[in-house]
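A short write-up of the structure that comes next.
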Amino acid sequence: MNDLFWLDTGTGRPLVLLHGGFLDHGMWEDQIPFLASRYRVITPDARGHGRSANATEPFRPTDDLAALLRHLGTGPAILVGISMGASVAVDTALEHPELVSAVVVSGAGTSEPYFTDPWTIQTMTAWHSAMAVGDLDASVEAFTLFAAGPYRTLDDLDPGVVAHLRRMTRDTMSKHTAGEPNLLLQVRDTWERVAKIDVPLLAVNGSADSPDHIGMAERLARTVANGRAIPVDGTAHYPNMERPDVFNEILEGFLRTL
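Heads up: the sequence shown begins at 0 in numbering that gives the first Met the number 0, then just goes up one per residue.
Here it is, written out as structure tokens:
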């Protein structure tokens, strides 16, 4: 585990905060102190992100998380994930169910996403094109547009939130080069299997997020045995950063039911 970084703070029932793609544990700065008074809050940087080392051999993020939880001896944990982090949480409920007691997702369904919304496809294309030619500035800018969603511009967001997102994204993208091998292994048949997830699941979506991201999370909540979805108005892909008070209140309400 010495090539992965994580924070481990507070005592109580284990609760894991899983960040979005090209971000790091810093996206949870408004949740960690709030939760650590009542929970053992574990906040890792995924492999290739933040302060964790890049992959040197094929890997699955869910297996990294499972290895970390076993290393820390947590037993079943509550997994809270946004975007990529949400997909890792769902994968872990499928692949390592003995380690998961509940799941909270935002802006994702499983690690096998699908996109039909024109704005989302256009934004992704711009981001991937910039990454392919190694244009770091353009990559960061295109990726950060997901924080605004299809109905707003970045000028509509708190400038501090946007600056924080850009900084995390730049830090992680700077760790990678355009031509490096993709060592990420896919978890397969996730949508066919999610109905088997029997732990409580909550989807907390920014109401201004793209229809695809909201749709996948809501489909997940409908498909599992015990799922529901709650919107956070006035936020897009990162509701925990835009309206931490509302996000924290919704999360705490869910945790009280467990």
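Glycine included, every Cβ here is placed at the ideal spot set by N, Cα and C.
These numbers come from a predicted model, not from an experiment.
For residue i, collect the residues of the same chain with a Cβ closer than 7 Å to its Cβ; drop the 5 residues on either side in sequence, then sort them by chain order.
i      : result
ALA35  : THR8 and GLY9
MET215 : ALA107, GLY108 and PRO112
LEU184 : PRO57, PHE58 and ARG59
Here's the rule I'm using: 16 or more other beta-carbon atoms within 10 Å means buried, otherwise exposed. How should residue i be labelled?
i      : result
ARG242 : buried
LEU182 : exposed
GLN30  : buried
SER51  : buried
ASP232 : exposed
ASN225 : exposed
ARG255 : exposed
ASP244 : exposed
ASP157 : exposed
VAL239 : Looking at the sequence shown, residue 239 is not Val but Asn. ASN239 comes out buried.
Once the 5 residues before and after residue i are set aside, which same chain residues still bring their CB inside 6 Å of it?
i     : result
ALA92 : VAL99, VAL102 and ILE196
ILE77 : LEU14, SER100 and ALA101
VAL40 : THR8, GLY9, LEU14, ILE31 and LEU34
Would you mind stating whether residue i and residue j have Cβ atoms separated by less than 7 Å?
i      : j      : result
SER258 : SER82  : Residue 258 cannot be examined here, being either before or after the span of the chain that is shown, 0 to 257.
ALA137 : ALA129 : yes
VAL203 : SER105 : yes
HIS24  : ALA65  : no
ALA141 : TYR237 : no
HIS18  : GLY84  : yes
GLY108 : ARG187 : no
ASP211 : PHE114 : yes
Which residues does DSSP pair with residue i in a beta bridge?
i      : result
ASP155 : Answer is none; ASP155 lacks a bridge partner.
PHE33  : Paired residues: none, contrary to the question.
PRO13  : ARG39
GLY205 : VAL231
ALA76  : VAL99
Segments assigned beta strand (DSSP E), at least 3 residues, entirely inside the segment 93-129: Those beta strand (DSSP E) runs which fall completely within the segment 93-129 and span 3+ residues are 99-105.
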